[in-house]
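The opening position of the sequence shown corresponds to residue 184 in the numbering used here, with each subsequent residue numbered one higher. All remarks here apply to the structure that follows.
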Amino acid sequence: NGNPALRDDFARAVEAFGGLTTTVSTSGGRRTPSLRVASDAAAIIRNRQAFARTLTSMLQDQPAGTADVAEAVGVTRGAVDAWKAGTSAPRPAHFERLCDALEVPAATLASEGHAAMSRSSQNALTRWLQELGLWGCSAHTKHIPAVVFTLQKPLVALFLNRLFATDGWATVLRSGQAQLGYATSSERLARQVQHLLLRFGIIARLKERRVKYKAVRRTAWQLDITDARSIETFVQEIGIFGKEEALARVRESLRGRRYQTNRDLIPVGVWEQLRAAKGATSWQALGRKAGLRGYTNLHVGKRALSRDRLRRLAGALDDAGLKSLAESEVYWDEIVSIEAVGMKQVYDLTIPETHNFVANDICVHNTALSLALARNAAMHPDEARQTGVAYFSLEMSAQQLAQRLLTSEARVDAQAARTGRLSEDDWPRLARAAGRLSAAPIFIDDTPGLSILELRAKCRR
Numbered sequence: 184n185g186n187p188a189l190r191d192d193f194a195r196a197v198e199a200f201g202g203l204t205t206t207v208s209t210s211g212g213r214r215t216p217s218l219r220v221a222s223d224a225a226a227i228i229r230n231r232q233a234f235a236r237t238l239t240s241m242l243q244d245q246p247a248g249t250a251d252v253a254e255a256v257g258v259t260r261g262a263v264d265a266w267k268a269g270t271s272a273p274r275p276a277h278f279e280r281l282c283d284a285l286e287v288p289a290a291t292l293a294s295e296g297h298a299a300m301s302r303s304s305q306n307a308l309t310r311w312l313q314e315l316g317l318w319g320c321s322a323h324t325k326h327i328p329a330v331v332f333t334l335q336k337p338l339v340a341l342f343l344n345r346l347f348a349t350d351g352w353a354t355v356l357r358s359g360q361a362q363l364g365y366a367t368s369s370e371r372l373a374r375q376v377q378h379l380l381l382r383f384g385i386i387a388r389l390k391e392r393r394v395k396y397k398a399v400r401r402t403a404w405q406l407d408i409t410d411a412r413s414i415e416t417f418v419q420e421i422g423i424f425g426k427e428e429a430l431a432r433v434r435e436s437l438r439g440r441r442y443q444t445n446r447d448l449i450p451v452g453v454w455e456q457l458r459a460a461k462g463a464t465s466w467q468a469l470g471r472k473a474g475l476r477g478y479t480n481l482h483v484g485k486r487a488l489s490r491d492r493l494r495r496l497a498g499a500l501d502d503a504g505l506k507s508l509a510e511s512e513v514y515w516d517e518i519v520s521i522e523a524v525g526m527k528q529v530y531d532l533t534i535p536e537t538h539n540f541v542a543n544d545i546c547v548h549n550t551a552l553s554l555a556l557a558r559n560a561a562m563h564p565d566e567a568r569q570t571g572v573a574y575f576s577l578e579m580s581a582q583q584l585a586q587r588l589l590t591s592e593a594r595v596d597a598q599a600a601r602t603g604r605l606s607e608d609d610w611p612r613l614a615r616a617a618g619r620l621s622a623a624p625i626f627i628d629d630t631p632g633l634s635i636l637e638l639r640a641k642c643r644r
């Protein structure tokens with residue numbers, strides 16, 4: 184990296200492993216400086232000498248002599264003498280047998296580990312990267328190791344801070360639009376970074392790009408953060424090491440601007456809830472009361488609502504449910520495609536109270552999962568494995584469940600089915616799905632407040 188501060192930061196991190204050195208290479212000034220990590224020769228000598236002193240002391244206390252220990256280890260006496268002199272170190276297999284012969288743990292003989300005194304062993308950083316599954320990864324296959332996803336937020340923030348310091352940026356575009364970004368050749372890495380940003384409530388848009396590299400067009404993946412609130416959160420909780428001035432300019436460009444977004448819009452279906460809540464009040468009167476500009480034409484049922492617009496309408500109606508929807512922590516994002524990925528092992532989860540959980544950054548409801556399981560059991564591709572299913576719902580009505588089953592089977596937008604805005608292609612898909620479902624042995628009971636005994640009795644019947 185061209186930033187000296189970042190190189191120094193990396194060098195300090197390498198030093199924490201112990202027994203390593205870093206050297207800067209610039210290829211004669213023709214390339215951006217890079218760092219080479221290698222074992223510290225002086226540290227290897229020190230560790231060998233410490234091992235030699237410990238081994239010599241232990242052999243003096245052993246009833247068996249050096250020759251007997253050498254025989255037990257499977258080496259010559261001369262080899263053991265060389266170890267005692269600190270001029271060489273045992274191979275890994277010989278070191279293990281030496282520990283067994285002396286009946287001591289490895290840490291007693293070599294406090295820094297066997298590799299720290301061996302010139303032929305891989306250095307600590309290489310071994311660590313191998314353990315994480317990162318060693319040998321190319322720009323297209325590099326990824327974030329699983330352990331990072333288990334870290335607490337402060338450590339995740341530190342990780343992202345340094346990651347953006349390499350291939351990330353903060354800028355103000357010519358249009359005045361503030362933007363944070365990160366680019367990589369690895370789609371997996373890009374999606375993982377996008378996922379980690381969600382831990383902080385930061386929304387990043389992933390784009391596939393074709394970039395020119397040495398006269399060849401290659402695929403690159405770019406994450407863009409343009410939402411003002413997401414940028415503010417990023418600046419406050421994460422930051423970018425070495426690019427603080429650029430972040431300050433981005434933050435300054437947002438100062439005093441009215442918040443606007445064309446993302447995280449409440450789905451069009453909320454208009455039906457508004458219609459029910461307003462009763463006989465006209466839309467124009469409701470818009471005027473809510474203080475909305477352009478209240479004479481609210482585009483009812485045609486446009487998704489921003490959170491602020493819904494919040495104002497909910498306030499005018501004094502509707503707690505709609506207000507809660509406008510202020511919820513759920514991010515609304517349109518599903519653009521659903522693709523089959525084959526047979527996979529799945530799990531049945533039940534979450535008390537909220538009845539939902541996050542699966543791959545998507546909020547999933549118990550009912551959706553259990554209904555899919557019921558459908559798959561009753562309509563298994565292998566007829567011999569099909570079975571009757573009794574589905575007891577204490578939340579949704581049988582009609583709602585049947586509609587969900589139908590639209591899911593037909594691959595038709597459920598909202599379009601509820602509002603009647605179906606395309607010409609949707610109708611035949613619904614008809615075919617209805618035919619398949621009519622033959623499926625699925626029995627739905629939506630009796631509220633069922634006891635366990637009543638449920639068992641219904642199952643028997």
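Glycine included, C-beta positions come from ideal geometry on N, C-alpha and C.
A distance of 8 Å or more separates the beta carbons of alanine 497 and lysine 485. For aspartate 565, there is no enclosing alpha helix (DSSP H), as DSSP marks it with neither H nor E.
Spanning the alpha carbons of alanine 616 and leucine 341 requires a straight line of approximately 50 Å. The Cβ atoms of serine 369 and histidine 326 sit closer than 8 Å to each other. Scanning the stretch 439 to 471 from its first residue to its last, the whole alpha helix (DSSP H) runs of 4-plus residues come out as 453 to 461.
Straight-line spacing of the CA atoms in leucine 500 and leucine 577 works out to 30 Å. Around the C-beta of valine 252, 16 or more other C-beta atoms lie within 10 Å, and the residue is accordingly described as buried.
Arginine 214 and alanine 226 have their C-alpha atoms some 30 Å from each other. When secondary structure is reduced to three states using DSSP, glycine 359 falls in the coil class, being assigned neither helix nor strand.
Counting only runs of 4+ residues, the alpha helix (DSSP H) found wholly inside the stretch 319 to 393 occupies 336 to 350, 370 to 381, in chain order. The beta carbons of leucine 493 and leucine 481 sit about 11 Å from each other, so the pair does not count as a contact at 8 Å. Taking a C-beta distance under 8 Å as the contact criterion, phenylalanine 424 and aspartate 192 qualify as a contact pair. Under the 8 Å Cβ criterion, the stretch 604 to 622 counts as touching the stretch 587 to 596, having at least three qualifying pairs. Proline 273 counts as buried, since no fewer than 16 other beta carbons sit within 10 angstroms of its beta carbon.
Phenylalanine 540 and leucine 552 have their C-alpha atoms roughly 11 Å apart. Taking 8 Å as the cut-off, the beta carbon of alanine 557 is found no closer than this to the beta carbon of isoleucine 635.
Asparagine 543 and valine 355 have their C-alpha atoms spaced approximately 31 Å apart.
Distances from the CA of threonine 205 to each of Gly212, Gly211, Ala196 were compared; the closest alpha carbon is that of Ala196. In its chain, beyond the 5 residues on either side, Phe342 have a beta carbon closer than 8 Å to the beta carbon of leucine 334. Contact between valine 256 and arginine 280 holds, since their C-beta atoms are separated by about 5 Å, short of 8 Å.
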